[in-house]
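Novice: Before we start, here is the structure in question, set down as structure tokens.
2 protein chains.
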Amino acid sequence: MKIAYLGPQASFTQLAASQLFPKAELLPQNNILDCFSAVECGEVDQAVVPLENSIEGTVSMTLDYLYKTPDIRIEAEAVMPIAHHLMVHPDCNIENLEKIYSHPQALAQSFHFLDSGFKEIPKQEYSSTAAAAKHVSENPDRNLAAVANQFAADLYGLKIIRRNIQDIEQNHTRFIIISKRQNLYLNNELEVSGEKSGLLITLPEDHPGGLHQVLSVFAWRKMNLSKIESRTLKTGLGNYFFFINVTGTWKSALHHNALAELAALGADTVFLGNYKEFLLKS
Amino acid sequence: MKIAYLGPQASFTQLAASQLFPKAELLPQNNILDCFSAVECGEVDQAVVPLENSIEGTVSMTLDYLYKTPDIRIEAEAVMPIAHHLMVHPDCNIENLEKIYSHPQALAQSFHFLDSGFKEIPKQEYSSTAAAAKHVSENPDRNLAAVANQFAADLYGLKIIRRNIQDIEQNHTRFIIISKRQNLYLNNELEVSGEKSGLLITLPEDHPGGLHQVLSVFAWRKMNLSKIESRTLKTGLGNYFFFINVTGTWKSALHHNALAELAALGADTVFLGNYKEFLLKS
């Protein structure tokens, strides 16, 4: 089985993909668009992309491509705590650190640690945490450090000198598994932390109370929303679609009638699937 | 007057800041956190940061810092069309292009153009479009190209060989001006494209229909929402706050009573300001 993921190698998305698909062939992609394209044209069976609060991607690109490729569905969601480590080449003289490399968001997320112990050492932004680790491994003669994950340390043979340097304890990234047909992803070795459905809803026109009317479909049925996000349609400013997560199993007549009621209201709805949420290790 | 902006120099945010504050001293910051910190500690009067669909930042970081720094308010919003150009050093031999550098999202947004005319030429990801342009200008002996904006071409003396190579015509980035006190930003030389209010709302507890109840406050008053986004509180999974934009002027008793009703419902509300939306040039 072939699985595309948002690269480069040793990215947080690969860390997620390797836990979700321990036996598959994992193919790194340059960006989120390439992940969707690989699924679309059948080059891979499925793809893993970040949905929320990621260090590499933004939720908005994933939502936009879900909207633009209506035959792609969500098979599962996975949540992973983000842990940043400070790492160096084994030959590095730590007393004389020259520079610290990482992705801008990883540097920002480790700000307090870097500001207290390593204030004087210049920070250099890199396109990803994994690329920063690779750069450090390729320059053993200089005393460089990288802020990256465990996976990158292993892949590039770096030594971790400080673990868990991120500022916020509760820092999670959400990923989704996407595919063209619903495969009902299941992995008995992973902990299931919930179940939900994903929907994309386009309002018939932009009028006051339109969203409220759509949400009433879920409210009176006591269907709980765990996420809602508006995204511009790019047909001009002010035209939006919504991504909504409804918690629980989607199977009763109650739920199916909700879709009929949305249609009756003139809202254009894409049901992205009912799927499990898995808990990954950092 | 000192204005912080999300750098580096020649970023899209500087392009926005230079139009919003043509006479101010503009100070580039490494990341969105640094922009908020500079305002917070009084190092600058105001800051310009991306709010939505930006090439450099993500909406989520800006929303998170708005939530975390409750004394920071929004003074204005500005919308700018994003235009990418392909540029080289004036001495470049275009026939023998070696590599094309840019930010991953800029490469993705120019995918169809690059894929048709420049498919064989390797693409190299860089931490920003501006840094990519700088790299090209510093290596005149190699035949390199960058995908970046007009500002970067001017700053680094590069020659634009193809204009507007972005795939999506309607590609806008939204920026906000933030400050500690509401200064009611006004610039008569810019076109005003709207007026809105920004609110952060935390629900009392996660229960079905909670959001629907909160939105009813706006719906029966015929107050139109142009944006809604849920963000995790990071106190654990499943706890959210909402960022909402209400269109129009916020002044009548109707609007003020809405805040009282939100409080009565037990929702914790931060009113970020009522402000104008300005239209910028690309």
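Chains X and A, in that order, give the protein sequences. Each residue of the first sequence is one higher than the last, beginning at 12 in the numbering used here. Each residue of the second sequence is one higher than the last, beginning at 12 in the numbering used here. Note that the Cβ used here is the ideal one computed from N, Cα and C, for glycine as well. These numbers come from a predicted model, not from an experiment.
Skipping 5 residues on each side, what residues in its chain have a beta carbon closer than 7 Å to that of X/N154?
Specialist: Excluding positions up to five away in sequence, the list reads C103, N104, N107, L108 and E109.
Novice: With distances taken from CA atoms, which of A/K287, A/L291, A/L283 and A/S293 is nearest A/Y76?
Specialist: Among A/K287, A/L291, A/L283 and A/S293, the Cα nearest to that of A/Y76 is on A/L283.
Novice: Any idea which residues DSSP pairs X/S113 with across the strands?
Specialist: BP columns for X/S113 point to X/E136.
Novice: Would you list, in sequence order, the uninterrupted alpha helix (DSSP H) runs of no fewer than 4 residues that lie entirely inside the stretch 43-100 of chain A?
Specialist: Runs found: 43-51 and 70-79.
Novice: Using a C-beta to C-beta distance shorter than 8 Å, which residues of chain B count as neighbours of X/A264?
Specialist: In the structure shown, chain B cannot be found, because the protein chains are X and A.
Novice: At a CB-CB cut-off below 7 Å, which residues of chain X make contact with A/G220?
Specialist: Ordered by position in chain X, the residues that pass the 7 Å Cβ test against A/G220 are A230 and K233.
Novice: Closer than 8 Å, CB to CB, is A/P133 near chain X or not?
Specialist: Taking Cβ atoms only, chain X never reaches closer than 8 Å to A/P133, which makes this a no.
Novice: Using a Cβ-Cβ distance cut-off of 8 Å, determine whether X/P115 contacts chain A.
Specialist: Closer than 8 Å: yes.
Novice: Out of A/E272, A/I189 and A/Y112, which one is the CA nearest neighbour of A/F47?
Specialist: Comparing Cα positions, the closest option is A/I189.
Novice: Cβ of X/S190 less than 8 Å from any chain A Cβ?
Specialist: Closer than 8 Å: no.
Novice: Taking 8 Å as the threshold (beta carbon to beta carbon), is X/H96 in contact with chain A?
Specialist: Not an interface residue.
Novice: Are any of the Cβ atoms in chain A nearer than 8 Å to that of X/I187?
Specialist: So, not an interface residue.
Novice: Have a look at X/E86 and X/Q193 and give me their C-alpha separation to the nearest angstrom.
Specialist: Looking at the two C-alpha atoms, the distance is approximately 6 Å.
Novice: A/S22 by DSSP, collapsed to three states: which one?
Specialist: Correct three-state label for A/S22: coil.
Novice: If you draw a straight line from the alpha carbon of A/D279 to that of A/L273, how long is it in whole angstroms?
Specialist: Going from the Cα of A/D279 to the Cα of A/L273 covers about 8 Å.
Novice: Heavy atom of the ligand MG less than 7 Å from the Cβ of A/A157, yes or no?
Specialist: Absence of the ligand MG from the depicted structure is noted, as is the absence of any ligand whatsoever, leaving it without description.
Novice: By Cβ distance, which residues of its chain are closer than 6 Å to X/L291, with the 5 residues on each side in sequence left out?
Specialist: Taken in chain order, the residues that qualify are A27, Q30, A89 and M91.
Novice: Please say whether A/I212 and A/F252 have beta carbons closer to each other than 8 Å?
Specialist: Against a cut-off of 8 Å, the Cβ pair of A/I212 and A/F252 comes out as a contact.
Novice: Is X/I239 close to chain A? Criterion is C-beta to C-beta, closer than 8 Å.
Specialist: Yes, X/I239 counts as interfacial toward chain A.
Novice: In chain A, which residues lie with their C-beta within 9 Å of the C-beta of X/H223?
Specialist: Within 9 Å Cβ-Cβ: H223, L226, S227, F229, A230, W231 and L236.
Novice: With 16 other CB atoms within 10 Å as the buried threshold, where does A/P215 fall?
Specialist: The residue in question, A/P215, is exposed, as its Cβ has fewer than 16 Cβ neighbours within 10 Å.
Novice: Ignoring anything shorter than 4 residues or poking outside the stretch 145-216 of chain X, list the alpha helix (DSSP H) runs there in chain order.
Specialist: Counting whole runs of 4 or more residues, the stretch 145-216 of chain X contains the alpha helix (DSSP H) stretches 161-166.
Novice: Establish whether the CB of A/N42 and some CB of chain X are separated by less than 8 Å.
Specialist: By this cut-off, A/N42 is an interface position.
Novice: Out of X/H95, X/F129 and X/H100, which has the shortest C-alpha to C-alpha gap to X/Q116?
Specialist: With distances taken between Cα atoms, X/Q116 lies closest to X/H95.
Novice: Is the CB-CB distance between X/H223 and A/L226 below 8 Å?
Specialist: Yes, they are a contact pair.
Novice: Leaving out five residues on either side along the sequence, give the residues of the same chain with a beta carbon under 6 Å from the beta carbon of A/E240.
Specialist: Excluding positions up to five away in sequence, the list reads F254.
Novice: On the DSSP bridge assignment, give the partners of A/E131 in chain order.
Specialist: Looking at the DSSP assignment, A/E131 forms no beta bridge with any residue, so it has no partner.
Novice: Can you confirm whether the stretch 138-155 of chain A touches the stretch 165-179 of chain A when touching is taken to mean that 3 or more C-beta pairs between the two stretches lie within less than 8 Å?
Specialist: A contact exists between the stretch 165-179 of chain A and the stretch 138-155 of chain A.
Novice: Which chain X residues sit within Cβ distance under 9 Å of A/L118?
Specialist: Result: N41 and N42.
Novice: Could you give the distance in angstroms between the alpha-carbon of X/K9 and the alpha-carbon of A/K170?
Specialist: Residue 9 of chain X cannot be examined here, being either before or after the span of chain X that is shown, 12 to 293.
Novice: What residues from the stretch 134-155 of chain A come within 7 Å of chain X, judged by C-beta to C-beta, listed N to C?
Specialist: Cβ contacts with chain X come from E136, Y137 and S138.
Novice: Rounding to the nearest angstrom, what Cα-Cα distance links A/S263 and A/L236 in this structure?
Specialist: In a straight line, the C-alpha of A/S263 is about 17 Å away from that of A/L236.
Novice: Which class does A/A15 belong to by DSSP, given the choice of helix, strand or coil?
Specialist: DSSP places A/A15 in strand when its eight states are reduced to three.
Novice: Please check the pair X/K51 and X/T80, which I expect to be a contact at CB under 8 Å, by giving their CB distance rounded to whole angstroms.
Specialist: The amino acid at residue 51 of chain X is misidentified as Lys; the sequence shows Glu. Between X/T80 and X/E51 the Cβ distance is about 6 Å, and since that is below 8 Å, they are a contact.
Novice: For chain X, is any of its Cβ atoms less than 8 Å away from the one on A/F122?
Specialist: Yes, A/F122 lies at the interface with chain X (some Cβ there is under 8 Å from its Cβ).
Novice: Work out the CA separation of A/E63 and A/L37 for me, nearest whole Å.
Specialist: So the alpha carbons of these two residues sit roughly 21 Å apart.
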